[in-house]
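These protein sequences, in sequence, are chains P and B.
Each residue of the first sequence is one higher than the one before, starting from 1 at the first, in the numbering used here.
Each residue of the second sequence is one higher than the one before, starting from 249 at the first, in the numbering used here.
Below is one structure, written out as structure tokens; comments come after it.
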Amino acid sequence: MLEVRNLSKSFGGVRVAHDISFAIEPGERRVILGPNGAGKTTLFNLLVGELAPTSGDILLDGKPINGLSVSERARAGLSRSYQKNNLFENLTIRENLMLAAAAGQRKTTGMFRDCFGDRKVRETVDEVAELVTLTEMLDKPVRSSSYGNRRQLEVGLALATRPRILLMDEPTSGVGPAMIDGFHRLLQSLPRNLTIGIIEHDLDLAFDVADRITVLNFGEIVFEGTPEETRGNKVVRDIYLGDWQSNA
Amino acid sequence: MFKQTRLRSVVLAATLTGLIAYCVMGGFYAREIVVEIAILAILAISLDVVAGFGGMVSLCHGAIMGIAAYAYGILTVKFGLPPLPSAVAAVAGAAVFGTVVGWITGRTSGIFFIMATLAFGQMAYTLIFKSQWLGGDDGMSGLPRFDLSWLGIKMGSSLTYGLFAIALTAAVYIAAAWVLRSAFGRTLGGIHANETRMKALGVNTILHRARAMGFSALLAGIAGIVAAQHTQFISPELLFWTISGEVLIVVILGGLGTLIGPVIGAVAFISLKHQVSGITDHWHIVVGLLLIVIVVAGGRGLYGQSEHWLAMRAGKAEDKTGDKSGDRGHA
């Protein structure tokens, strides 16, 4: 469904992604692991088109999408959430979700009808709000919302476009255990045919939700396999799981 | 995101009523002032749509108005076409020009957008200024007004024309308010608030910005038609960049991103001009000082500041238990 072939990216002499190749199958849940600075977010930026690769190809449904802009890739079904909240600060949570839902339903250009009054847009907003447990908060302005709610909205915006592939960049960064559990439940309630890529630091969550795990280090893929294989792999343990093993 | 609040509706109705009263009860001179206000208000509303709600500070709105006026002049005077279809075509032409400018400049933002629009405007000005066919700096005269005699309306009278200009101002405000609340307007607001995110959500922001410039230019074109028919004479001065600068001042004076603010700004600007210029030739100094005060006070403008005060007072009354967010955010 989403495939990457020999993808590399350098900023001058700094190599942030090197010869990355992988393929995510339809409906697969792929977790990307790796220490800070491994190039995980860079990889997402390359996938959605916010960065242009130095070399290599990105394929969606077998067709190269290198030439497509960010918005074209989004319209092709690729949606992402950000590691740092990237919201519409001066609007309410409802208005945020409405903008995303309207964009996903291509209701952005009509000059006569208000997309905020559109029944399908409202339905999507209600459904997504339920999924990310923001139903009670809908009319709160984002700027006076809690960090946790913003984190939920960050994922909500990506979901509200009704993507085919959802890429989430550390959706649980900075939130407490209760919210990580909530996120876990969210993942379980998402349709099984939705393809998901997650950058995640919470290893319990990662091992639990992943069909396959890709481990990055210094911009390269150092391991790919099932969660069980990942646990048992020595390279992975050395570079990333050392702490976790000793804590466990 | 635009909201047509009750306060805004009341202020709009009151302003229009005041203009109508001044137009009906005043003499020829008063009606000249009313038309002057109407032209400036329409142009300022048009600029606020892109500058206030899309973050696109254009310095070519005078030129867009002038292009519509000249297109109207060419079609009526040079080709002898009837006024109404000529006006429609002229406004459509302005919209096309605006869309093209918007599309080409859509990749730029901030100071670069300002400079790019300035360049487009000055190019149009120079082309018309140099054109012998269009009368060069002598301009073009003999432009007809709409012929509404079949409705029993004499457009030649200063009273009728004054009321016509006020009616168009109201129509333009309503059209702008309507579009800002449409799917298109909401999306424009989203792009203004967070362009990166709108792209990630799948919106072609450059194309959307171009459309916004096109719609704004359509409204600016209407100002051009009113101006052309008013004195029935046009000159390249209409397209000069200082006109665009003046409109921007009017928008900020009244309240950027409030839509009604530009109307208030136009009334204040023209009133000041006529009142103060009776006392001193340096009326621009007064406008300049007022502008500085407004910008230093937070840049909300005459209307925006008043709305802010009222909201603060209402907030204090309610604030016995509520939270103090202390926000100073404005559109």
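We put the CB at the ideal spot given by N, CA and C, even for glycine.
The model shown is predicted, which means the values in this text are computed figures rather than measured ones.
Look up residue i in the DSSP assignment and say whether it is helix, strand or coil.
{"i": "P/LEU7", "result": "strand"}
{"i": "P/LYS63", "result": "strand"}
{"i": "B/VAL259", "result": "helix"}
{"i": "B/GLY383", "result": "coil"}
{"i": "B/SER492", "result": "helix"}
{"i": "B/SER519", "result": "helix"}
{"i": "P/LEU47", "result": "helix"}
{"i": "P/PHE218", "result": "coil"}
{"i": "P/GLY197", "result": "strand"}
{"i": "B/GLY505", "result": "coil"}
{"i": "P/VAL31", "result": "strand"}
{"i": "P/SER246", "result": "Residue placement at P/SER246 cannot be trusted, given a pLDDT of 47 that sits under 50; the coordinates are not used to answer."}
{"i": "P/ILE58", "result": "strand"}
{"i": "P/GLY12", "result": "coil"}
{"i": "P/ALA52", "result": "coil"}
{"i": "B/GLY472", "result": "helix"}
{"i": "B/ARG457", "result": "helix"}
{"i": "P/ALA17", "result": "strand"}
{"i": "P/LEU2", "result": "strand"}
{"i": "P/GLY225", "result": "strand"}
{"i": "B/ILE527", "result": "coil"}
{"i": "B/ALA286", "result": "helix"}
{"i": "P/ARG212", "result": "strand"}
{"i": "P/ALA38", "result": "coil"}
{"i": "B/MET560", "result": "helix"}
{"i": "B/SER218", "result": "In the structure as shown, chain B starts at 249 and stops at 579, and residue 218 of chain B therefore has no counterpart that could be examined."}
{"i": "P/ALA23", "result": "strand"}
{"i": "B/PHE276", "result": "helix"}
Below 8 Å on the Cβ atoms is my guess for residue i versus residue j; work out the distance and round it to an integer in Å.
{"i": "P/ILE17", "j": "P/LEU2", "result": "Note that residue 17 of chain P is Ala in the sequence shown, not Ile. That belief does not hold up - the Cβ atoms of P/ALA17 and P/LEU2 are roughly 15 Å apart, past 8 Å."}
{"i": "B/PHE463", "j": "B/VAL344", "result": "Their Cβ separation, rounded to whole angstroms, is 12 Å, which puts B/PHE463 and B/VAL344 out of contact at 8 Å."}
{"i": "B/SER294", "j": "B/LEU467", "result": "4 Å"}
{"i": "P/SER21", "j": "P/VAL4", "result": "6 Å"}
{"i": "B/LEU382", "j": "B/TYR320", "result": "With a Cβ gap of about 12 Å, B/LEU382 and B/TYR320 do not count as contacting."}
{"i": "P/LYS9", "j": "P/LEU46", "result": "6 Å"}
Nearest to residue i by alpha carbon, out of the options?
{"i": "B/TRP426", "options": "P/ARG113, P/GLY176, P/VAL236 and P/LEU194", "result": "P/ARG113"}
{"i": "B/ARG254", "options": "B/THR506, B/MET388, B/LEU539 and B/VAL336", "result": "B/THR506"}
{"i": "B/ALA418", "options": "B/VAL339, B/LEU288, B/ALA460 and B/LYS251", "result": "B/LEU288"}
{"i": "B/GLY433", "options": "P/THR108, P/ASP211, P/GLU89 and P/LYS9", "result": "P/THR108"}
{"i": "P/SER81", "options": "B/MET446, B/LEU416, B/ALA292 and B/SER357", "result": "B/MET446"}
{"i": "P/LEU43", "options": "P/ARG231, P/LEU216, P/GLY77 and P/PRO177", "result": "P/LEU216"}
{"i": "B/GLY493", "options": "B/LYS326, B/GLN370 and B/VAL282", "result": "B/GLN370"}
{"i": "P/LEU167", "options": "P/VAL155, P/SER173, P/VAL14 and P/ALA178", "result": "P/VAL155"}
{"i": "B/ALA448", "options": "P/VAL14, P/GLU28 and P/GLU72", "result": "P/GLU72"}
{"i": "P/LEU138", "options": "P/GLY225, P/GLY148 and P/LEU153", "result": "P/LEU153"}
{"i": "P/SER145", "options": "P/LEU87, P/THR230, P/ASN193 and P/GLY49", "result": "P/LEU87"}
{"i": "P/ASP253", "options": "P/THR230, P/VAL48, P/PRO26 and P/LYS140", "result": "Because chain P here runs from 1 to 248, residue 253 of chain P falls outside it and cannot be looked at."}
{"i": "B/THR490", "options": "B/ILE454, B/GLY509, B/LEU366 and B/VAL499", "result": "B/LEU366"}
{"i": "B/VAL498", "options": "B/VAL511, B/PHE488 and B/LEU487", "result": "B/VAL511"}
{"i": "B/GLY509", "options": "B/GLN553, B/GLN523 and B/GLY526", "result": "B/GLN553"}
{"i": "P/ASN193", "options": "P/GLY12, P/ARG15, P/GLU25 and P/ASP19", "result": "P/GLU25"}
{"i": "B/ALA269", "options": "B/LEU411, B/GLN477, B/ALA545 and B/MET560", "result": "B/LEU411"}
{"i": "P/GLY34", "options": "P/LYS234, P/PRO227, P/HIS201 and P/ALA102", "result": "P/HIS201"}
{"i": "B/GLY450", "options": "P/ALA74, P/GLY62, P/THR41 and P/PRO64", "result": "P/ALA74"}
Could you list which residues in chain C have their beta carbon closer than 8 Å to that of residue i, in chain order?
{"i": "B/THR453", "result": "The structure shown has no chain C; the protein chains it does contain are P and B."}
field: Cβ contact check for the stretch 251-259 of chain B and the stretch 57-68 of chain P: 3 or more pairs under 8 Å
entry: By the Cβ rule, the stretch 251-259 of chain B does not count as touching the stretch 57-68 of chain P, because fewer than three pairs are nearer than 8 Å.
- prompt: Per the contact definition of three or more C-beta pairs closer than 8 Å, is the stretch 119-133 of chain P in contact with the stretch 63-72 of chain P?
  reply: No: the two stretches stay apart, fewer than three of their Cβ pairs being nearer than 8 Å.
field: beta strand (DSSP E) runs contained entirely in the stretch 147-185 of chain P, provided each spans 3 or more residues
entry: As far as the stretch 147-185 of chain P is concerned, its whole beta strand (DSSP E) runs of at least 3 residues are 165-169.
query: What runs of the alpha helix (DSSP H), each 4 residues or longer, lie entirely inside the stretch 346-378 of chain B?
result: Here the runs fully enclosed are 359-378.
task: May I ask you to verify whether the stretch 469-489 of chain B touches the stretch 381-390 of chain B, counting CB pairs closer than 8 Å and requiring at least 3?
output: Contact between the stretch 469-489 of chain B and the stretch 381-390 of chain B is present, because at least three Cβ pairs lie under 8 Å.
field: Sequence ranges, beta strand (DSSP E) only - wholly within the stretch 60-127 of chain P, length at least 3
entry: Entirely contained in the stretch 60-127 of chain P, the beta strand (DSSP E) runs reaching 3 residues are, in chain order, 78-81.
Segment contact, 8 Å Cβ cut-off, at least three pairs: the stretch 463-476 of chain B with the stretch 330-345 of chain B: Flag = yes, the stretch 463-476 of chain B and the stretch 330-345 of chain B touch.
task: Could you say if the stretch 513-520 of chain B and the stretch 533-551 of chain B meet the contact criterion of at least three C-beta pairs nearer than 8 Å?
output: Judged by Cβ distances under 8 Å, the stretch 513-520 of chain B makes contact with the stretch 533-551 of chain B, as three or more pairs qualify.
query: Would you say the stretch 161-168 of chain P touches the stretch 77-94 of chain P, given that touching needs at least three Cβ pairs under 8 Å?
result: Result yes; three or more Cβ-Cβ pairs closer than 8 Å.
- request: Assess, as a yes-or-no matter, whether the stretch 436-453 of chain B is touched by the stretch 307-319 of chain B under the definition of 3 or more beta carbon pairs within less than 8 Å.
  value: Contact between the stretch 307-319 of chain B and the stretch 436-453 of chain B is absent: fewer than three C-beta pairs spanning the two stretches fall below 8 Å.
message: For the structure I just gave you, are there three or more beta carbon pairs, one from the stretch 396-416 of chain B and one from the stretch 273-280 of chain B, closer than 8 Å?
response: Touching, yes.
query: Which ranges would you report for the alpha helix (DSSP H) in the stretch 308-337 of chain B if only whole runs of at least 4 residues count?
result: Listed in chain order, they are 309-321.
task: May I ask you to verify whether the stretch 27-47 of chain P touches the stretch 191-210 of chain P, counting CB pairs closer than 8 Å and requiring at least 3?
output: Yes, the stretch 27-47 of chain P is in contact with the stretch 191-210 of chain P.
message: In chain order, what are the residue ranges of uninterrupted alpha helix (DSSP H) at least 4 long that sit wholly in the stretch 400-457 of chain B?
response: Counting only runs of 4 or more, we get 406-428, 431-441 and 443-448.
- prompt: Any contact of the stretch 172-188 of chain P with the stretch 87-100 of chain P, i.e. 3+ C-beta pairs under 8 Å?
  reply: Between the stretch 172-188 of chain P and the stretch 87-100 of chain P, the count of C-beta pairs closer than 8 Å stays below three; the two stretches do not touch.
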